[in-house]
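Below is one structure, written out as structure tokens; comments come after it.
Residue numbers (the numbering used here), protein chains in the order written: chain A, 1 to 357; chain B, 358 to 843.
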């Protein structure tokens with residue numbers, strides 16, 4: 001395990017990798033997971049996939065994210081895992097997806113290397129404000145850990161988490177933002193998309209706007225999840241600009257999932273939808289979900305990610321997100337909605353609604 | 358690529374240039390169709406309903422049922438004629454509009470239209486009225502007095518777009534009871550009802566103002582209300598959600614007849630599973646699954662298969678795979694949207710996860726197959742499949758084992774396709790009727806209800822009418838006032 005860890009760390013440290021090198025690592029991890037993770041082995045066998053006929057990272061069967069709910073996807077006994085990240089459980093009631101991490105060495109390295117490049121963009125440290133609960137409050141949230149990591153490694157000593165028990169401490173946040181405005185020190189605010197909406201609503205209520213110093217930036221992630229008003233992306237970034245004086249180019253959206261160990265970032269949201277990109281240890285495809293065939297260039301499909309930092313669970317996951325491949329990344333077009341039946345035949349979704357009524 | 362521009366609906370008394378239209382687009386690799394659907398102002402809608410009511414009172418109510426049967430039969434004959442320009446237009450356009458395969462539509466449409474020939478229509482009427490003349494004039498009753506059935510003054514139909522031509526059932530029912538018919542077409546299939554109306558009026562010009570085919574967006578209050586508020590009977594088809602939206606706009610005094618979501622299944626007995634019959638049984642079930650890609654309320658979602666024959670339920674499931682593959686060759690499944698594809702994928706993924714923990718579940722078929730068969734070796738409650746040729750085959754011991762599987766779905770049950778020995782027919786029909794089923798037929802015929810069927814267990818015509826009784830007491834009293842009294 002440690003050798004695999006260090007191998008991955010050196011893999012991530014490479015400046016870039018070609019298809020062959022990526023494949024080599026992906027297949028090595030596939031073999032490791034196939035041999036050490038029985039539920040995954042069974043899943044592969046059900047799909048007719050074995051060590052023999054998986055010849056490229058594209059052949060690795062993608063586990064639907066629901067697999068993280070129904071199966072124990074871990075090469076190491078769960079009780080020997082240092083950390084378990086869980087999904088928020090919004091879609092299937094109380095059943096939560098679980099991602100087992102024997103330790104966070106690889107996860108943290110993946111996060112830091114990518115964050116430094118995609119968000120910090122050459123700056124070593126920035127004053128930061130986090131609008132999301134701490135890992136202490138939410139020990140099973142990968143996002144809480146991620147944001148804490150950002151704060152500890154990339155934040156200046158004055159950086160802080162603004163989340164109190166009753167939500168964001170708006171007066172405290174306002175005081176800090178005012179101080180930054182006066183001193184000219186740039187600040188980065190990071191949090192869930194819905195936290196930003198809540199804060200913007202609170203600021204609007206007080207009639208307060210900020211014009212944050214040059215170099216300030218915002219990072220939002222995760223969408224609104226029914227926790228705030230639902231906003232069209234155009235409106236969201238326009239309102240962020242209005243409330244904080246940070247232009248859409250400096251508003252970075254992070255696309256991450258509990259089931260992954262690597263995140264995707266865009267290069268600002270002046271143009272929508274923005275292209276999401278990941279580092280060289282993650283590759284994505286867009287497929288037709290029933291056949292698993294890759295969509296033609298420019299066509300919408302369901303996103304599949306092969307994340308080599310996911311060394312303990314499974315490298316390759318099938319999301320429920322719609323995307324379109326681009327030259328150097330993909331467009332994220334939201335969650336795939338189930339189809340409505342055209343007439344009087346009962347569609348599954350409607351049935352579930354009726355059955356639970 | 359060929360382009361076509363069409364106007365949907367039928368609006369007597371309104372000039373096309375005076376009507377605002379919305380545009381619906383339908384494209385496939387062969388054809389691009391632009392359909393203009395009419396969006397009337399409340400004033401136009403009101404005037405239209407009045408016009409149709411007045412004309413129907415004059416020209417439709419004075420016709421006898423037999424005369425109407427002759428007229429409808431002539432219209433259907435034209436639609437059945439594959440050389441008729443309207444039929445040709447239908448065959449050209451409907452595959453693009455509905456997404457269904459052209460061959461499937463051609464065969465399906467013909468089989469469907471055949472149920473509206475004169476003889477079937479006579480049967481349709483007599484199914485609900487022992488004496489059809491009761492729709493024309495007061496008829497004497499055995500128990501004394503006189504009786505006449507009056508159709509609604511204004512019957513509003515709200516159609517769904519799942520099965521091409523679905524509108525004909527209720528529109529023809531409405532005509533047979535001499536109602537002023539106002540039908541709202543679905544955005545998913547806005548054309549067929551208008552074509553029928555055109556042909557009807559060409560065949561019987563005196564009926565020109567007796568019906569209208571309209572459209573409004575969703576259940577938008579301001580557009581739907583002018584129609585619904587003037588109806589005395591409203592018939593609505595579609596999802597439970599869309600039916601609820603319509604119902605909310607229907608005044609309490611109006612008779613509301615909803616046809617919401619339904620679940621259907623097939624039941625195969627061991628006699629249909631010897632080496633000789635099994636492939637044929639599977640072929641028939643495959644037809645039921647493939648026709649209209651399970652979008653109909655009568656389409657099967659599960660096949661319950663009895664054990665004990667040479668061909669096991671699992672063997673049957675494999676036969677079904679082969680037959681679905683064969684059907685795909687001459688009746689390809691419609692092309693799915695990403696959303697439909699994802700619905701199927703999630704259904705399948707959930708079953709895949711179950712299969713990993715439950716050895717009684719097997720998923721048959723390859724990733725690239727445009728159909729999926731899931732086999733279950735233990736009884737399970739009837740569940741909807743993901744549509745578009747996804748079906749579960751469930752093994753049972755005795756035929757009656759199906760009852761606990763389907764009875765929890767009582768309010769949703771509709772059709773059962775049967776492949777059973779004669780001795781079992783009436784008994785199982787009785788038991789299934791008891792738990793909520795309303796129609797039983799042969800496998801292979803599930804999507805072709807017989808003329809005069811009782812949709813969802815209701816009366817197609819009887820539900821629409823109002824019986825007017827002239828009681829026996831009036832007659833002797835009247836005699837007392839006669840000039841010739843003694």
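Cβ atoms here follow ideal geometry from the backbone N, Cα and C, with glycine treated the same way. It should be emphasised that the depicted structure is a prediction, and the values quoted were computed from it without experimental measurement.
- Taking CB atoms only, residue 695 of chain B has a neighbour in chain A less than 9 Å away.
- Restricted to the stretch 458 to 535 of chain B, the beta strand (DSSP E) segments that are unbroken, complete and at least 3 residues in length are 503 to 507, 511 to 515, listed in chain order.
- Fewer than three beta-carbon pairs drawn from the stretch 786 to 797 of chain B and the stretch 628 to 648 of chain B are found closer than 8 Å, and the two stretches are therefore not classed as touching.
- Unbroken alpha helix (DSSP H) stretches of 4 residues or longer found wholly inside the stretch 684 to 715 of chain B: 695 to 714, given in chain order.
- With contacts defined as CB atoms closer than 9 Å, residue 537 of chain B and residue 420 of chain B fail to qualify as a contacting pair.
- Using beta-carbon distances, residue 701 of chain B counts as an interface residue toward chain A, with a partner under 9 Å.
- Residues of chain B whose Cβ lies closer than 9 Å to the Cβ of residue 66 of chain A are, in chain order, 703, 706, 707, 710.
- Interface flag for residue 713 of chain B against chain A is set, since a Cβ pair is found closer than 9 Å.
- Shown here, residue 622 of chain B sits in a strand according to DSSP, grouped into three states.
- Within chain A, the residues placing a beta-carbon under 7 Å from that of residue 698 of chain B are 288, 289, 290, ordered along the chain.
- In this chain, the beta strand (DSSP E) harbouring residue 721 of chain B covers 718 to 721.
- In this model, residue 170 of chain A and residue 202 of chain A are separated by some 7 Å (Cα to Cα).
- Non-local C-beta neighbours of residue 408 of chain B in its own chain, meaning closer than 7 Å and more than five positions away in sequence, comprise 369, 370, 566, ordered along the chain.
- Looking at the DSSP output, residue 569 of chain B sits in a beta bridge with B/539.
- The beta carbon of residue 322 of chain A sits closer than 9 Å to some beta carbon of chain B.
- At least one CB atom of chain B sits nearer than 9 Å to the CB of residue 301 of chain A.
- The stretch 92 to 106 of chain A makes no contact with the stretch 247 to 256 of chain A, as fewer than three CB pairs between them are under 8 Å.
- The three-state secondary structure of residue 631 of chain B, taken from DSSP, is coil.
- Excluding the 5 residues flanking it on each side, residue 57 of chain A has same chain C-beta neighbours closer than 6 Å at 23, 26, 306, in chain order.
- Fully enclosed alpha helix (DSSP H) runs of no fewer than 4 residues occupy 635 to 647 of the stretch 628 to 676 of chain B, in order along the chain.
- The beta carbon of residue 336 of chain A falls within 9 Å of a beta carbon belonging to chain B, placing the residue at that interface.
- Listed along the chain, the chain A residues whose CB falls inside 7 Å of the CB of residue 685 of chain B amount to none; the nearest CB is some 14 Å away.
- Cβ neighbours of residue 64 of chain A within its own chain (closer than 6 Å, five residues either side excluded): 318.
- Counting C-beta atoms within 10 angstroms of its own C-beta, residue 500 of chain B has fewer than 16 neighbours from the protein chains shown and is therefore classed as exposed.
- Going by C-alpha positions, residue 528 of chain B is about 36 Å away from residue 831 of chain B.
- Between the alpha carbons of residue 288 of chain A and residue 297 of chain A lies a distance of about 12 Å.
- The stretch 501 to 518 of chain B makes contact with the stretch 817 to 834 of chain B; the number of CB pairs closer than 8 Å reaches 3 or more.
- Chain-order list of chain B residues neighbouring residue 59 of chain A: empty, with the shortest C-beta distance near 12 Å, by a criterion of under 9 Å.
- The alpha-carbon of residue 155 of chain A is positioned some 56 Å away from that of residue 595 of chain B.
- Note: residue 367 of chain B is bridge-paired with B/570 in the DSSP secondary-structure output.
- When the beta-carbon positions are compared, residue 508 of chain B and residue 541 of chain B stay at least 9 Å from each other.
- The straight-line gap separating the alpha-carbon atoms of residue 719 of chain B and residue 587 of chain B is approximately 54 Å.
- The residue among B/424, B/491, B/621, B/453 with its C-alpha nearest the C-alpha of residue 557 of chain B is B/424.
- At the C-beta level, residue 634 of chain B and residue 460 of chain B stay beyond 9 Å of one another.
- Nearest C-alpha to residue 693 of chain B among B/446, B/428, B/402, B/453: B/453.
- By the rule that beta-carbons nearer than 9 Å mark a contact, residue 318 of chain A touches chain B.
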